[in-house]
Amino acid sequence: MAATKIARRDPTEHDVQIEILFCGICHSDVHSVRNEWSEFMPTVYPIVPGHEIVGRVIQVGSAVTKFKPGDFAAVGCMVDSDGTCPECQAGFEQFCPNMTLTFNSPDKHLGGVTYGGYSESIVVDQRFVLRVPSNLDLAGTAPLLCAGITTYSPMHHWKVGKGKKVGVVGLGGLGHMGVKIAHALGAHVVVFTTSPKKKEDALRLGADEIIVSRNVDEMQKHVESFDFILDTVSADHDINAYLNLLRRDGNITLVGAPPKPLSVAAFALIPRRRSLSGSNIGGVAETQEMLDFCGKHSITADVEVIPIQKVNEAYERLLQSDVKYRFSIDMASLKSE
Ligand SMILES: [Zn+2]
Ligand SMILES: [Zn+2]
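See the structure below:
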C-alpha cells in the first residue's frame, strides 16, 4: 500500500464531515486489498480500505440535527442505503439490496467507488453516522464498528443473557469481542481454542471456562449443554463437534467465513431441533445500541495502535494472527506522509 490523493464530496445538507482519528484493520480490508473476494465483490484499484472509523465532526450540512462540529462520531461498514425497501423499513440496512459499503462500493455522489477509513476525513449522510460514548478510548472504540457489531448482533438476536451458556469458537479480533460482550450480557462464557496458551487471556477477557477443542474428552463433558455458540473461525473445521454441544433449540451462528463449504451432519441438527445460521453486521439503530451498551459496560477492543506507515507490516502480522486483538491505525500519522 502507498499514499495517494482521493476526493471527498463537499457536504450536502444531510452530510457530516468527519476528521478520522482512528481506523481499525479488519480481515475484510485484507481480503479486499488482495482481491480475494473477486467473485462477488471485485476490487477496484486504487482501494482505500477501512470500515472501523472513529473521528471528530468538523463540518455539518444545514439539515443535520444529530451532530455538531467537535462531536466524536463513528462510521462502520455502510454509508448509505435506499431507506425505502422492506429491510430498511425494518431497520436492517445491512440487508438492503441498494446499500452502499464504506469502501469499494459504487459511489452515488462522485461516481467511481467509495473510499474507506485509511484517510484523513470522510463525508457521510448523518443517518449512517453513530454517536460515540464519551467514556470510551477512541483507538479501542474503532473496532466496535465491525468486530463489535458483528458479534453483538447475533447474540442480541439469539437472546444471549443471564442464565445462558454461550460458547465462542476462536479468540481473534471477532472472538475477543464476542467474549467481552457475552460476559457483559451476563452469560456463562466458554471459549473454545486449539491453543491452551490462550487460557489466561480468555479468562482476563471475561470467559468463565476454556475448552481445548482438540481434547475429545473435554468436549464430551459439555455435550447438549450450550444455548448458543458464536463461531468466528474462518478456516476449515468440524462444525458437527460443536453442534453436538447444543441443547434443545440451541443455535450456532457463523460469523467467520471458511472458503470451502462446511460439512454438516443432519443428525447433528435433527435430534434436538438445533440450528445453524449466519450473521453479518447489524443495522444502524442496532449499531448505536451496541455502542451505547459498550459505553455502559466500558467495553472497547484490545488494540495495538500503529501509524499508517506500519500498515503493510500489520497486514502480514494479521495473516499470522500475530495481534492482540485488533490493529487500530492512528490517523494523525497520515499527516506526515
Ligand atoms: Zn470488518
Ligand atoms: Zn433498503
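In numbering that gives the first Met the number 0, the protein residues as written are 0 to 336. Note that beta-carbon positions come from the ideal geometry of N, C-alpha and C, so glycine has one too.
Our contact map puts residue i next to residue j with C-beta atoms below 8 Å; I'd like the distance itself, whole angstroms only.
i: residue 337; j: residue 273; result: In the structure as shown, the chain starts at 0 and stops at 336, and residue 337 therefore has no counterpart that could be examined.
i: residue 5; j: residue 118; result: 6 Å
i: residue 268; j: residue 242; result: 6 Å
i: residue 76; j: residue 101; result: 6 Å
i: residue 175; j: residue 324; result: 4 Å
i: residue 173; j: residue 74; result: So it is not a contact: roughly 19 Å between Cβ atoms.
i: residue 237; j: residue 164; result: Not quite, the Cβ-Cβ distance comes to about 20 Å (not below 8 Å), so this is no contact.
i: residue 120; j: residue 97; result: 25 Å between Cβ atoms; not a contact.
i: residue 64; j: residue 78; result: In fact, because the Cβ distance is near 19 Å, the residues do not count as touching under 8 Å.
i: residue 249; j: residue 271; result: 7 Å
i: residue 256; j: residue 233; result: 5 Å
i: residue 115; j: residue 49; result: 4 Å
Skipping 5 residues on each side, what residues in its chain have a beta carbon closer than 8 Å to that of residue i?
i: residue 297; result: 134, 135
i: residue 72; result: 15, 17, 53, 54, 55, 56, 66, 128, 129, 130, 131
i: residue 240; result: 212, 218
i: residue 178; result: 167, 170, 188, 190, 201, 204, 205, 206
i: residue 87; result: 80, 81, 95
Strictly by DSSP, which residues pair up with residue i?
i: residue 164; result: 187
i: residue 208; result: 189
i: residue 328; result: 22, 305
i: residue 16; result: 58, 122
i: residue 71; result: 55
i: residue 77; result: 100
Please go through the same chain and pick out, in chain order, the residues whose beta-carbon is closer than 6 Å to the beta-carbon of residue i, but skip the five residues on each side of it.
i: residue 185; result: 160, 161
i: residue 197; result: 170
i: residue 316; result: 322
i: residue 148; result: 280, 281, 286, 289
i: residue 108; result: 8
i: residue 303; result: 322, 326
i: residue 139; result: 299, 300, 302
i: residue 62; result: 12, 13
i: residue 2; result: 336
i: residue 144; result: 51, 73, 75
i: residue 151; result: 180, 289
i: residue 70; result: 56
i: residue 122; result: 7, 8, 10, 14, 16
i: residue 137; result: 20, 21, 53
Does the Cβ of residue i lie closer than 8 Å to at least one heavy atom of ligand 1?
i: residue 51; result: yes
i: residue 26; result: yes
i: residue 145; result: yes
i: residue 113; result: no
i: residue 231; result: no
i: residue 252; result: no
i: residue 149; result: yes
Should residue i be counted as a contact of ligand 2 given a C-beta to heavy atom distance under 8 Å?
i: residue 105; result: no
i: residue 285; result: no
i: residue 97; result: yes
i: residue 76; result: no
i: residue 82; result: yes
i: residue 87; result: yes
i: residue 92; result: yes
Apart from the five residues on each side of it in sequence, which residues of its chain come closer than 7 Å, Cβ to Cβ, to residue i?
i: residue 328; result: 21, 22, 24, 117, 305, 307, 310
i: residue 104; result: 112, 113
i: residue 58; result: 10, 16, 68
i: residue 222; result: 243, 244
i: residue 332; result: 306, 307, 308
i: residue 141; result: 21, 22, 23, 51, 52, 53, 327
i: residue 19; result: 52, 54, 116, 118, 119, 120, 121, 330
Please report whether the beta-carbon of residue i lies at a distance below 9 Å from any beta-carbon of chain C.
i: residue 48; result: No chain C is present in this structure, which holds just one protein chain.
Would the beta-carbon of residue i be found less than 8 Å away from any heavy atom of ligand 4?
i: residue 140; result: In the structure on display, ligand 4 does not appear, and the ligands it does have are ligand 1 and ligand 2.
**Prompt:** If you scan the stretch 94–161 from start to end, which runs of the beta strand (DSSP E) of 3 or more residues do you find wholly inside it?
**Reply:** 120–124
**Start-end ranges of the beta strand (DSSP E) lying completely within the stretch 260–320, minimum 3 residues** = 274–277, 302–306
**Prompt:** Going along the chain, which unbroken runs of the beta strand (DSSP E) with 3 or more residues stay wholly within the stretch 18–62?
**Reply:** 52–59
**Item:** Entirely enclosed beta strand (DSSP E) segments - the stretch 198–255, minimum 3 residues
**Value:** 208–211, 225–230, 245–253
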